[in-house]
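For the sequence shown, this note's numbering assigns the number 412 to the initial residue and increments by one for each residue that follows. Here's the structure, in structure tokens; my notes come after.
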Amino acid sequence: MDFLLGAFGERIQRMPRSELKEFEFLLSFSDQTLYSLFFDEGPLPEGVSKSLVKEVLTFKKM
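Have a look at this one:
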């Protein structure tokens, strides 16, 4: 578990500033909203990708 958190911390440190802001923004969403963003075909908020939503979900589950 510590290894995963360490690896994820490294990933966060390498994120571009704009992506980091979106990551922080998505952390405030409920898990249900994040799952809806990830699985639905609807539009995502500007600057947000499905892969970023997946990373936030993974981070919240650690």
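Built from N, CA and C at the ideal position, the CB exists for glycine as well.
Discussion item. What does the alpha-carbon distance come out to for the pair Phe433 and Glu452?
Written reply: One point to set straight first is that residue 433 is Glu, not Phe, in the sequence displayed. Straight across, the Cα-Cα distance linking Glu433 with Glu452 is about 19 Å.
Worksheet item: Per DSSP, what kind of secondary structure is Asp451 in: helix, strand or coil?
Response: Here Asp451 sits in coil by DSSP.
Worksheet item: Can we count Glu466 as close to the ligand FAD, meaning its CB is less than 7 Å from some heavy atom?
Response: The ligand FAD is not part of this structure, which contains no ligands at all.
Worksheet entry | Helix, strand or coil at Phe434 according to DSSP, with G and I counted as helix | Collapsing the DSSP output to three states places Phe434 in a helix.
Worksheet item: Hey, Leu431 and Leu437: beta-carbon distance below 8 Å or not?
Response: No. Outside cutoff.
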